[in-house]
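Protein chains in written order, with the working numbering: chain B, -10 to 253; chain L, 254 to 708. A virtual CB, placed ideally from N, CA and C, is assigned to each residue, including glycine.
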């Protein structure tokens, strides 16, 4: 797996699990979860954090050598998101941004019009834009056309843990995309992460599934394995599903057992 | 839970509760209050006698919030000569805190060791309050009125039921009520309440009155209060020897206690390897007033998780209604923001619609001293003569009684009581830089990765 590199905007990663930090019960648990997940890229909400402060989430990431991906969580308009992205660039010295523009607090679903608008503005401004989007193949294509470095469709609403509700749309998005496709939001447990990878996603992003688990550290390790298992299965090529059984042991070429020496 | 213990048994739900909810070893109140005759001479005389030079005080406490004050008061009761340095004794996070004594409703997965300390402190509260009110001549607003945690939709209800199951596993007392039963107890609750947990053992106190009472009790016990900023810790010959003030005065002491709340992590003069890994976590809190005609409005603390966010309403007997709190990692910023106030009012209004009629009397932000595992750092450090009493995070008010007792033990005998031993600062050896040490020795959340896995 070491040579199976995930390249995002020209940057190589050997881990295909991108983590978020929201909901972690403590900094200590967060740190050990990040280590267990093997992640190399982790997103932080710029609105809930002062980058100048020591001993906070950013200190943990820097100590672990994990790249920081600022996000625009909590923004409802393209204007707010663009402003937040610019403040993040200034504070953290990175032009990468995970772009989130949500439509309402109840569903936290992306507002497609505001999202595309913000993406176009930020791409023009030199940002590497990684948009959190609906599982809509048309919108995904438009975001790619706008110059986004990846598309990150939701499996189901943020924090819901409902998994991938429309796997077919993921297949459609993956088929058409020329940029990495990352499952963002909805994973509840390790099989969800594995399914995303089996469907052809390049990586999985998640936070709540780990940070709000009863044992976040164990779940982080489970997610790492889920992503790796799904990726291997995708590369291996699954067998076509069949309606009827097909014996795994062929009828010919059976071992001839010595009648004088029973097997047991 | 000591690290050497066998991992707790695991059941089908995935998380065991290892908290010692019964009698805690060494938890018997060790206050051993000194009689009035043992109390040192008047503060003024003592200040002149010991204000400078070596060996002035037995104990110097840097930080006069409730944790520093209770440490000073309890140490003075043991016959030690004690001083507190703080520009405003009785200030700090207690001026903002709501004062919930919520060991049961604040239960979190992975914090079972902290639960043991929280429960031990909660058990001491009635006696602690009685003694403090007697010693200070002040009321503290302690109220044994209980807590009701409610859910407003099916997601939050499922979350609360899970908490209930976890509480029961930990041997804690809480009762599940249907929505209508919740509203019979508290008629001002929104009709949409789907169910709730009644916890009669989670009480409340008014932290402002608690802080004022501790200041009085300290003064009466002969604790010297230096109203000044500490410039830096003084270290001589590899020992903490007191503190230097901004005006150059040096206050010498045999033992120094760092109890500076969220500022503890950036205390000048403290060697890097014993500097506590404590950070400020901002909380915005609102205060409303319940007019007499509306009383009682609410008769116990109401709390809920509204769409994943925590909100609580704490009604005091004097008509104050406290609504809190946000949780923000923004350094030492204490700005009250429109968004913070909006979110608190939005969620509180969803819970108790009638609050819109009440006067909004105060909006304020405070800083919780957060440690990496959310638990306090108590007792001696690797630097001889230096103790810590900090990092209490959300539980400073709740942990005040046991912190005072444990710190007085450590200062008087050199030994922490058993109940406090899991919270020694050395669990973060390397000032939080090493996850390995935290994992091996930290209480509560810091547990070996494989602990609790089915065999």
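For residue j and residue i, the rounded distance between their alpha carbons
i: residue 325 of chain L; j: residue 386 of chain L; result: 16 angstroms
i: residue 597 of chain L; j: residue 563 of chain L; result: 9 angstroms
i: residue -1 of chain B; j: residue 638 of chain L; result: 54 angstroms
i: residue 502 of chain L; j: residue 483 of chain L; result: 10 angstroms
i: residue 454 of chain L; j: residue 400 of chain L; result: 8 angstroms
i: residue 494 of chain L; j: residue 328 of chain L; result: 18 angstroms
i: residue 504 of chain L; j: residue 661 of chain L; result: 20 angstroms
i: residue 641 of chain L; j: residue 89 of chain B; result: 42 angstroms
i: residue 498 of chain L; j: residue 659 of chain L; result: 27 angstroms
i: residue 4 of chain B; j: residue 39 of chain B; result: 27 angstroms
i: residue 221 of chain L; j: residue 607 of chain L; result: The question about residue 221 of chain L has no answer here: the residues shown for chain L are numbered 254 through 708.
i: residue 506 of chain L; j: residue 32 of chain B; result: 47 angstroms
i: residue 48 of chain B; j: residue 595 of chain L; result: 30 angstroms
i: residue 581 of chain L; j: residue 363 of chain L; result: 22 angstroms
i: residue 170 of chain B; j: residue 129 of chain B; result: 9 angstroms
i: residue 92 of chain B; j: residue 155 of chain B; result: 20 angstroms
i: residue 546 of chain L; j: residue 538 of chain L; result: 24 angstroms
i: residue 570 of chain L; j: residue 532 of chain L; result: 33 angstroms
i: residue 619 of chain L; j: residue 177 of chain B; result: 34 angstroms
i: residue 636 of chain L; j: residue 517 of chain L; result: 15 angstroms
i: residue 487 of chain L; j: residue 113 of chain B; result: 55 angstroms
i: residue 460 of chain L; j: residue 648 of chain L; result: 12 angstroms
i: residue 17 of chain B; j: residue 656 of chain L; result: 22 angstroms
i: residue 83 of chain B; j: residue 388 of chain L; result: 57 angstroms
i: residue 355 of chain L; j: residue 174 of chain B; result: 33 angstroms
i: residue 522 of chain L; j: residue 14 of chain B; result: 31 angstroms
i: residue 25 of chain B; j: residue 59 of chain B; result: 21 angstroms
Residues that residue i contacts on chain L, provided the C-beta gap is smaller than 7 angstroms
i: residue 72 of chain B; result: Within 7 angstroms Cβ-Cβ: nothing; residue 72 of chain B doesn't reach chain L, min ~14 angstroms.
Where residue i falls: helix, strand or coil (DSSP)
i: residue 567 of chain L; result: strand
i: residue 141 of chain B; result: strand
i: residue 7 of chain B; result: strand
i: residue 0 of chain B; result: strand
i: residue 440 of chain L; result: coil
i: residue 235 of chain B; result: coil
i: residue 576 of chain L; result: strand
i: residue 382 of chain L; result: helix
i: residue 602 of chain L; result: helix
i: residue 613 of chain L; result: strand
i: residue 200 of chain B; result: helix
i: residue 89 of chain B; result: coil
i: residue 658 of chain L; result: helix
i: residue 623 of chain L; result: strand
i: residue 495 of chain L; result: strand
i: residue 526 of chain L; result: helix
i: residue -5 of chain B; result: strand
i: residue 554 of chain L; result: strand
i: residue 596 of chain L; result: helix
Residues that residue i contacts on chain L, provided the C-beta gap is smaller than 8 angstroms
i: residue 14 of chain B; result: 361, 362, 363, 364, 627, 698
i: residue 148 of chain B; result: 561
Closer than 7 angstroms at the beta carbon, the chain B residues around residue i
i: residue 518 of chain L; result: 44
i: residue 530 of chain L; result: 44
i: residue 586 of chain L; result: 39
8 angstroms Cβ shell around residue i - same chain, five flanking residues per side excluded
i: residue 421 of chain L; result: 427
i: residue 480 of chain L; result: 339, 340, 341, 342
i: residue 520 of chain L; result: 315, 483, 485, 486, 511, 513, 528
Cβ shell of residue i (< 6 angstroms), same chain only, five flanking positions each side left out
i: residue 335 of chain L; result: 312, 325, 328, 329, 476
i: residue 315 of chain L; result: 338, 483, 496, 511, 513
i: residue 410 of chain L; result: 404, 447, 448
i: residue 11 of chain B; result: 196
i: residue 62 of chain B; result: 34, 89
i: residue 98 of chain B; result: 92
Residues of its chain near residue i, where Cβ-Cβ distance is below 7 angstroms and the 5 sequence neighbours each way are ignored
i: residue 397 of chain L; result: 456
i: residue 301 of chain L; result: With a pLDDT of 36 at residue 301 of chain L, under the threshold of 50, the modelled position of that residue is not reliable, and the figure given next carries that caveat. No residues qualify anywhere along the chain.
i: residue 617 of chain L; result: 349, 538, 589
i: residue 71 of chain B; result: 107, 110, 111
(Q) At 4 residues or longer, what runs of the alpha helix (DSSP H) sit wholly inside the segment 300 to 376 of chain L? (A) Here the runs fully enclosed are 319 to 330.
Q.
Runs of 4 residues minimum, wholly inside the segment 6 to 81 of chain B: which ones carry the alpha helix (DSSP H) assignment?
A. 16 to 26, 46 to 53, 67 to 81
(Q) At 3 residues or longer, what runs of the beta strand (DSSP E) sit wholly inside the segment 404 to 436 of chain L? (A) The beta strand (DSSP E) runs of length 3 or more contained entirely in the segment 404 to 436 of chain L are, from start to end of the chain, 428 to 431.
Q) Can you give, in chain order, each stretch of the alpha helix (DSSP H) that sits fully within the segment 106 to 139 of chain B and has at least 4 residues? A) If we require 4 residues or more, the alpha helix (DSSP H) runs fully inside the segment 106 to 139 of chain B come out as 126 to 134.
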